[in-house]
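> Can you keep this structure in mind? I'll have questions shortly.
In our numbering, the protein residues as written are 141 to 318.
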């Protein structure tokens with residue numbers, strides 16, 4: 141199935157800037173998160189993913205913290221990564237971009253040998269993450285003044301040569317882009 145966008149690792153400076161621009165639009169502009177909270181020291185060592193339209197327009201982003209960077213977020217478990225900063229531009233919502241980004245982050249986590257992924261979901265997005273296999277845990281809390289809930293998904297190893305398909309969007313082959 142052909143998609144109007146691709147999801148890839150954001151490895152060069154231009155891709156990273158595109159990720160930060162999407163985050164600024166969504167979190168700072170739409171949700172009122174202060175910039176000094178949105179960008180942090182974890183950005184430098186995180187794995188960033190970027191969804192771009194075929195003409196290069198950035199549509200969404202997300203990041204994976206792993207190793208020591210994720211410990212404070214995951215209950216001190218080095219086998220668990222932390223998905224965060226998932227943002228999709230208003231124009232791209234409803235196209236499956238968010239689900240494709242989550243799957244790409246999970247693939248990056250698997251590639252680093254992680255057994256699970258945690259995230260801090262804004263409570264209005266709980267259903268989205270539950271449809272992707274995440275289960276809530278712990279109490280609701282405020283982060284940047286917004287209600288959040290901890291969630292976790294155990295990862296199954298990817299079988300070599302198997303194609304992955306996101307059921308929400310029908311996007312195939314995400315395992316090959318990371």
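Idealized CB from N, CA, C, for every residue including glycine.
On the DSSP bridge assignment, give the partners of residue 258 in chain order.
For the purposes of this step, residue 258 is taken as the residue at position 118 of the chain shown. BP columns for residue 258 point to 222, 292.
> When DSSP labels each residue in this structure, what does residue 227 get in the three-state scheme?
Taking the first residue of the chain shown as position 1, residue 227 is located at position 87. The answer is strand: DSSP assigns residue 227 an E or B state.
> Just curious, the beta strand (DSSP E) that residue 202 is in, first and last residue?
For this step, residue 202 is matched to residue 62 along the chain shown. First-last of the beta strand (DSSP E) with residue 202: 198-205.
> Between residue 258 and residue 213, how many whole angstroms is the CB-CB distance? I'm expecting something under 8 Å.
Translated into positions along the chain shown, residue 258 becomes position 118. Translated into positions along the chain shown, residue 213 becomes position 73. That pair is a contact at about 6 Å.
> Which partner residues does residue 173 have in the DSSP bridge list?
Locating residue 173 in the chain shown gives position 33, counting from the first residue. Per DSSP, none; premise fails for residue 173.
> Rounded to whole angstroms, what's the CA-CA distance from residue 233 to residue 205? Just pull it up for me.
Within the chain shown, numbered from 1, the residue matching residue 233 stands at position 93. Within the chain shown, numbered from 1, the residue matching residue 205 stands at position 65. Approximately 24 Å between the Cα atoms of the pair.
> Pick out whichever of 145, 256, 265 has its Cα sitting closest to the Cα of residue 286.
On the chain shown, residue 286 is found 146 positions in, with the first residue counted as 1. Taking only the C-alpha atoms, the option nearest residue 286 is 265.
> Run through DSSP, which three-state label would residue 148 get?
Indexing the chain shown from 1 puts residue 148 at position 8. The answer is strand: DSSP assigns residue 148 an E or B state.
> With distances taken from CA atoms, which of 163, 188, 173 is nearest residue 151?
Here residue 151 is taken as the residue at index 11 of the chain shown, counted from 1. Minimum Cα distance to residue 151 is reached at 188.
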